[in-house]
Every structure is written in structure tokens, then in C-alpha cells.
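This report concerns only the one structure given below.
Protein chains: 2
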Amino acid sequence: MTLKVALLGCGNVGSQVARILLDEQAELAARIGATLELTGIAVRNVDAPREGDLPRELFTTDAEGLIDGADVVIELMGGLEPAGTLIKRSLNRGASVVTGNKALLAAQLPDLTAAAHTGGAQLLYEAAVAGAIPILRPIRESLAGDHITKVLGIVNGTTNFILDAMDTHGSQFEDVLAEAQRLGYAEADPTADVAGHDAAAKAALLASLAFHTTFDLENVYCEGITEISADDVAAAADAGMVVKLLAIAEKTTDSSGAEGINVRVHPTLLSRQHPLAAVRGAFNAVFVEAENAGELMFYGQGAGGAPTASAVMGDVVSIARDVAAGGGAAKEAQPRPTRALDIAESTTRYSISLEVADQTGVLAEIAGIFSRHGVSIETMRQTVGSEAHDGAARLRIITHAGRESALTATVTEIEQLPVVKTVSSVVRVEGK
Amino acid sequence: MTLKVALLGCGNVGSQVARILLDEQAELAARIGATLELTGIAVRNVDAPREGDLPRELFTTDAEGLIDGADVVIELMGGLEPAGTLIKRSLNRGASVVTGNKALLAAQLPDLTAAAHTGGAQLLYEAAVAGAIPILRPIRESLAGDHITKVLGIVNGTTNFILDAMDTHGSQFEDVLAEAQRLGYAEADPTADVAGHDAAAKAALLASLAFHTTFDLENVYCEGITEISADDVAAAADAGMVVKLLAIAEKTTDSSGAEGINVRVHPTLLSRQHPLAAVRGAFNAVFVEAENAGELMFYGQGAGGAPTASAVMGDVVSIARDVAAGGGAAKEAQPRPTRALDIAESTTRYSISLEVADQTGVLAEIAGIFSRHGVSIETMRQTVGSEAHDGAARLRIITHAGRESALTATVTEIEQLPVVKTVSSVVRVEGK
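Chains A and B are the protein sequences, given in the same order.
Mapping to UniProt numbering: the first sequence position 52 is 52, numbers consecutive.
Mapping to UniProt numbering: the second sequence position 119 is 119, numbers consecutive.
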């Protein structure tokens, strides 16, 4: 049995996938029980110089013609169009699709899933979240008989590299970003990474799979790391914690007790004892809490041509085995609707740093505001002297878990107090 | 569509699986696209007292009759027989099987795999290795388009609990073992855990899946933790390292350059920077190195009723989805033969502690022996004084990577030296 494989796009990942399909045909056939034949590679310009020394006759500009004869389509061209149209066309006519296009998936997951159901085809996208780390398949299959309650992910290598360097060397954000750009860990325009947009797209995908739904990217709360200062990182270290940009998806209840899903991306303080705290450099990791399985963590490289190609090929082999075994239809029931909860409804802890007048009665006044909003204080630490400004005391308050709306109302009221000079940072806290 | 599910055994895990199948029938049906009907639970004594308040009419002593009407069989009775015969009977007649019976799998994997192929059925056993951690499916599917080169696993919670407590509190092995027995982390007869036999069975299964073969348990080298002293653990801590019992499966070449697979279980020194070093208490983790994916780690709970039930149910849902989608046949090509390499052919590093006469020329004599065997020394550290015995110096030597046969020959020759009072410990080292 031979399965025809069409490849769309031939950049860094695409050329490595093509190389594997060509060089390892015999090995893959032994693992699958069917031969994978790369029938063509659709590109915009057949004559463009490219890596990998691939046979010229494979290249074509006719993407539609290529996919119409294929059993499996691998989409690695990126961008919303024409990728979205080509994927839907493939799925509708029954060809399964492997893609790593997280922007497209986050924007059109319901449409793409519906097309897969219509065509009786599979849509797999392990490469779209956390690169080489097998995380989507374990969530979709291994934990399919359990109830996931929460997912915490370090899913953006650039921001983890920056925060880790700030933690290790005490540097400022801007200096580390410049170094990351020099080393190739950050783009010339780093906005998608440092503003959290990349992590938000992955958070929407993780939430969709973890909670058997399709979670809309628009409902993901997103806050980047550009406001994190060397002071914040040093203060976290003082408290035995570390700052990480986390993608968080959580099944919870709102203040009326109704169930819903809250998905958010923001800088987060974690205890150094938490398994995610040890994820260094540009590595990624996803921490999953499930009712029966308990705590799980998946760790590895989040980007790069070879790791991403590994994830793509895992999906291709999985589909090919299903087709070879006579199956190949969609494997999951239809996603179910769910209610997205606003960030104001989420339950979290806050770490608040502020400068206050160094006079009696200030602590009582501040503590009174927390109390009136029903927010319980876990620790309050006051430091006077060299690190505080002239005649001021510096306070660091960590709260117990509370409703975000109550926490923000508390901070807003504290900012108005005449004795409060400035609220210098507010960072959410996760973990015990 | 309704799938008949037969459960064999109703201990801690079995009763939780039965509870999930009964209580979550609607939720599981929504996820699968078919209803799972628990048709019966085979036990030795229908009237034995048991947990979970399960309907009495489900219990039967007729295991054969039960499986002959089933689409999916869940084997949680444990032991080699009658479990082995019942599983083969199920597979041969086309019913897929989920089991967590590592002893049976390690002993009979080739027979069981052949029965699955004969019957066109699936045999899944995620629960057999590292409890709730999805590790076998990621290896079998997510990494199916990559080449795994090495697997390092903390796959026995009892020994990790003991070694972690020795590291944290400086206690002796015997004291911690007694505490672990009191807390229920160790059996009254702890041999299977502390001698490494449990880890060896899991190592054989990991090697079989990682290298697309069936690796024979008899070819796993196995050394337990009973010889690890508080001194060894303290010396490791001094050197920035930690002692872990690792299951290691590695694709390598022997001294003639021929390829093979080496599988071994032994106490191992790891740098505290290694992701596995942070795995505390009774937790498990498996570290995988693959050509394209790079380094991956999977972390979670290795045992317990609920975590193990989660792993079992993940396999059940996976099989049920395949059957509901019209597939359900065996998913992998036949395992391929491989060559097992003896421990003597493995390449590793050694940490050697010894007491020598405190006189000139000793270091040169010892270094000369390493050199003659072609073993390169990475660090040699000498301490004289309170911790060494009367008139003796204590040496700690860590080697670069070398062939195990050369390392053992070196140690044997050093032990014969008149100036060497005792070689107090030899522990292998992994990681950079």
C-alpha cells in the first residue's frame, strides 16, 4: 500500500520534513505498514534557492492540483491564506491534514474541525504547541478518560529565554531582549512573543483540547512581559519565586457558581519548588492537573526546524497507520460548546509591591482595604531604608487566592490613598 | 453503537476503573462517539468484601465466558496466570486488551504482540510504565517519525522516595526504608523495588517501544540501591550531584562497531542541573533523547489507584474511538529483531571512592592504571583528615565516558594495589 503525501511550503521545517520523507522511506514503511510517497512540494517560486538539496521535479506552484491527488497533506506554509482554504479543501475531500500553523488554528479551529468531520478525515497539529513536546496527543488521547482541571504552560521560548536571563544575571528586560535578538532567540519585531500573542494562540488550542471544546482566541486574556522589571525579578527571587510567562487554561466557576473556562496569558510568580520553575532558557513545558492522573509535566524544545519536523512526522505516521489499518476517520466526537469566563471571574493570587509613607497607621489602613474587599493577605513584608525612596517604606504583599475582580478593586482603591506614593508592580501568583 | 467492556480483577485500580465506567458513561460516550457498557467483572470470589459499592450482579467467576462476549477487555488481576492465557484468548478472537501488568508484559511481550496481530486487535498498556504519565503513547506515536537514541527513566517511586529522603535528610538506607514501609511507599518485602526488578521490567518495555523491537527482560542488567550509603549520597551532594535509580535504554555500538541496544537499571549519579534531578519523593519521570526532537521529559505520579485508573481509561477510550471509527486493527508494524548488548559493552562514566595510604606516589600509581586501560579521568579529589581513616587519604575520582569493561578492569586492578585500603563505592554517572 502506498500513501500519497503532499507538502505545502518548503521553509526550514518543510525542507526537513521533505528530507525525512525521502531519506527514511524504508524505515517509515516498516513502522507504518505502508509506503509514504512524497508526490510534490507546493511553493510560490519553484526556482527560489532553498536548503536540503531536494529534487527539483518535486516542486510545483499548483497547490490545488497537488492536494487533490493526496492521501495526506502537510501544511507548513504558514499564514492564514491560502493555507486555510487549502486545508479545508483537503479535509472536505477526505485527505487528512498535518499542520503546525497555530495562528490559523487559533483563528479557524471550529471551521477546520467541521471540515475534518465532513470529509471523515483527521486534522493533527502537534507541532503548533510547544514544538517537539508531545502534548496535544497525550491530552487528546492519554487523558481522554480523565478530567483535566487546569493547564499551565511555558509555551513561548523567546519570553522564557528573556525571563530566565533576567533571573540569572539580574539584567533589565531591554538588555536581554537585545541579546536574544542577537542570538536569534527573538525576532527583529518581537511583539508577537513579548506581548504574549503567540502564547495566547497556543493557550486557545490547549484549552480547546483539554476541555473538549473550541475556545475562541478572542476570549483569551493576554498580558505580555514588557512591564517586568529587574526589580520585579529580584523581588521574586527574594521570596523564593521566579517570574514565568504562563498560558493558563482552567475549568472554574464564576461568582454566581456557574461553570466555565478561563484562559489567560500573563507573567506569573511561581515557587522555585514548582516543576515549571526549573524550565530554563528557550525550553518549553506544559504542566497539567487532572482529577485522577494528578500532576503531570511535559518538557522539551519548543521551536527549531528539527524538533518541529519531529512533531510533524509523528502526526504523519499516526495518520498513515490509521489509513493502513482501514480506519482513518475522525477520532473525536464533536467539540461541545462551553462558556468563556472573563479574566475578572478568574481566581488567582496577587503579589503587590508599593511605596508608602513611612508613618504609623499606614499598614492598618491598607490592610483594612483588603479586608473590605474580602481579600485575605498571606504575607506582608515591609522594608525601610536604602532600597526605598526618601521617607518612604516599601511594602510587598502576597494575597491568598481571591476573585480577580476583588483583587483589582483592592489595588485601585489602594492607589487612591494619600499615604500610597506608588503601586510599582502587580503580578499574579500560581501554585501552592 | 455500544461496546461491551469486560473487566478482569477488582482490586484498588480495578474498582476505580469500574466506578468510572459506570458513573461517567454519558461523558465517555460524548468523547468516544459510542457507549461503553461494563458487562461484568471477573473475580475469584464474588462475595469477597470490596470497595466502591459496585452492583453485585456485575461480578462473576467465569472470566472466559465474560471475555468471549466482549469488545474490549481490561486486565487488572495481575500475576502471570491466568492473566496471560485470558489476554491471549481475548486478542486471538479480536477483542482489544488494556492491561497494566508489567511483569506479564516483560515476560511475554512477543507472544502477546503476536496474538494481537493474529486477532487484528490492539494491546495497550500505558499503565504498566510510570503510572499516570503518558509515556508509552508519546513514544509509540508522537515520536514514530523520529529516532530515539536514549531513554533515562525514574520509573520506581519507592526507590526514588528512599533516595530523595537520603539526599534531603542525610539518613541511612535502612532507616529510610523502614520509614517508607511505615508510610506505605514500600512493601513489607521490598525486594522487587529496591533490587531494581520492577524497574527492569519497565526498562524492557520502554526499550521495546523506543526501538521498535521486543527486548527480553533477561537481557536487562539490573543493580538495586541496597548498597547505596549515606556517604555515597553526601559525596554526590558535595560534587553537585544526586543519586537516582535509573532505567536506561540506549542504542549504541559495541567495541567492534556493531549496533545494538543496551538496557540497564542501576543507581546513577546525575548533575543537579539535569531535569531528572528535580524529581522528588515518589514521583516518576522519563527523559527521552531523540535525533530530531532533542531532549524531552515526561513527569508525574508513578503509582496509586486513581493515577493508574486514568492511564487505563485513556487506553480504553483510544481503543473505543478506533472501533467506533471502523478501524481498530493493530496499529504498528511487526517488531523487528535487535541485538542486546551486554553491560560490559555499554559506555558510561564512573564515580569511584577509595581509601589509599597517605604517601607520595600513590596518585601517580593509580592514574597510571586508568591510563593503561584507556580510561580518562575527569576529576580526582583528595581529602585527608577527619573523614578518612587512620593514616589514610580518601580519593574521589570521576572518569570521562569509557567502555564499561575497561572501567571494571581498572577498578579490579586498583583494588589489588597494596596502597589501596578499600574501594568504598563505584557508581555510574549519566548526563553531561
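Idealized CB from N, CA, C, for every residue including glycine.
What residue range does the alpha helix (DSSP H) around residue i cover?
| i | result |
| --- | --- |
| L303/A | Sequence check: residue 303/A is Ala here, not Leu. Premise fails: A303/A is in no alpha helix (DSSP H) and is neither H nor E. |
| E88/A | Note that residue 88/A is Lys in the sequence shown, not Glu. A83 to N92 is the span of the alpha helix (DSSP H), which, as asked, contains K88/A. |
| V420/B | Premise fails: V420/B lies in the beta strand (DSSP E), V420 to V429, not in any alpha helix (DSSP H). |
| T264/A | It is worth fixing the name first, because residue 264/A is Arg in this sequence and not Thr. Element bounds for R264/A: not the alpha helix (DSSP H) but the beta strand (DSSP E), E259 to S271. |
| S256/B | From DSSP, S256/B is part of no alpha helix (DSSP H); its letter is neither H nor E. |
| G40/B | Run containing G40/B: none in the alpha helix (DSSP H); it sits in the beta strand (DSSP E), T35 to A42. |
| T214/B | Segment: none, T214/B is in no alpha helix (DSSP H) and carries neither H nor E. |
| V411/B | E404 to Q416 |
Check whether the Cβ of residue i lies closer than 9 Å to any Cβ atom in chain A.
| i | result |
| --- | --- |
| A155/B | Note that residue 155/B is Val in the sequence shown, not Ala. Cβ-Cβ to chain A under 9 Å: no for V155/B. |
| A115/B | no |
| M313/B | yes |
| R339/B | no |
| E51/B | no |
| P275/B | yes |
| L105/B | no |
| R89/B | no |
| I261/B | no |
| S318/B | yes |
| residue 498/B | Outside the shown range of chain B, which is 1 to 432, sits residue 498/B, and nothing can be said about it. |
| I41/B | no |
Rounded to the nearest angstrom, what separates residue i and residue j at their Cα positions?
| i | j | result |
| --- | --- | --- |
| R44/B | G9/B | 8 Å |
| P110/B | A128/B | 16 Å |
| I74/B | V5/B | 7 Å |
| I162/B | H274/B | 19 Å |
| R50/B | S15/B | 8 Å |
| S376/A | A320/B | 47 Å |
| I32/B | Q334/B | 27 Å |
| L80/A | I135/A | 24 Å |
| V233/A | A282/A | 18 Å |
| A107/B | A192/B | 15 Å |
| M1/A | D71/A | 12 Å |
| A178/B | V419/A | 58 Å |
| D238/A | Q382/A | 13 Å |
| T422/B | I343/B | 24 Å |
| R137/A | A357/B | 59 Å |
How is the beta strand (DSSP E) around residue i delimited, first residue to last?
| i | result |
| --- | --- |
| L395/A | A392 to T399 |
| V73/A | V72 to E75 |
| N284/B | F283 to A290 |
| T2/A | T2 to L8 |
| R31/A | Not the beta strand (DSSP E): R31/A falls in the alpha helix (DSSP H), residues Q25 to I32. |
| K432/B | It is not in any beta strand (DSSP E) - K432/B carries neither H nor E in the DSSP assignment. |
| R339/A | Premise fails: R339/A is in no beta strand (DSSP E) and is neither H nor E. |
| R349/A | T347 to A357 |
Taking only beta-carbon positions, decide if residue i is within less than 9 Å of chain B.
| i | result |
| --- | --- |
| D322/A | yes |
| L8/A | no |
| E81/A | no |
| D358/A | no |
| S386/A | At S386/A the pLDDT is 47, less than 50, meaning the model places this residue with poor confidence; the figure from the coordinates comes in the next sentence. For S386/A, the answer is no, since every Cβ of chain B falls outside 9 Å of its Cβ. |
| V427/A | no |
| L28/A | yes |
| A278/A | yes |
| G94/A | no |
| V72/A | no |
| S15/A | no |
Three-pair Cβ contact test at 8 Å for the region 297-311 of chain A versus the region 18-32 of chain B:
As far as the Cβ criterion goes, the region 297-311 of chain A does not touch the region 18-32 of chain B, which means the pair count is below three.
Count Cβ pairs between the region 394-401 of chain B and the region 344-353 of chain B that sit closer than 8 Å; are there 3 or more?
The region 394-401 of chain B is in contact with the region 344-353 of chain B.
Under 8 Å: do the region 243-252 of chain A and the region 215-233 of chain A share three or more Cβ pairs, one atom per stretch?
Touching, per the Cβ criterion.
Using a beta-carbon distance cut-off of less than 7 Å, what residues from the region 280-308 of chain A approach chain B?
Cβ contacts with chain B come from A290, N292, A293, G294, E295, L296, M297, F298, Y299, G300, Q301, A306 and P307.
Name the residues in the region 124-137 of chain A whose C-beta lies less than 7 Å from a C-beta of chain B; which are they?
Residues E126, A132, I133, P134 and R137.
Any chance the region 140-150 of chain B sits against the region 282-293 of chain B, with 3 or more Cβ pairs inside 8 Å?
The region 140-150 of chain B is in contact with the region 282-293 of chain B.
Identify each residue in the region 176-209 of chain B for which the Cβ-Cβ distance to at least one residue of chain A is less than 7 Å, and report them in chain order.
So the list is empty, because no residue satisfies the distance condition.
Quick one: any contact between the region 308-326 of chain B and the region 196-205 of chain B, if contact means 3 or more CB pairs under 8 Å?
At 8 Å Cβ cutoff, the stretches do not touch.
Assess, as a yes-or-no matter, whether the region 112-121 of chain A is touched by the region 91-104 of chain A under the definition of 3 or more beta carbon pairs within less than 8 Å.
These segments touch.
Sufficient close CB pairs (3 or more, under 8 Å) joining the region 407-426 of chain B to the region 369-383 of chain B:
Yes: the two stretches touch, three or more of their Cβ pairs being nearer than 8 Å.
Residues of the region 141-165 of chain B in Cβ contact with chain A at a cutoff of 9 Å, in chain order, please.
Those residues of the region 141-165 of chain B that come within reach of chain A (Cβ to Cβ, closer than 9 Å) are E141, S142, L143, A144, G145, D146 and H147.
Residues from the region 207-228 of chain B in contact with chain A, defined by Cβ distance under 7 Å:
Going along the region 207-228 of chain B in chain order, one finds H212 with a Cβ nearer than 7 Å to chain A.
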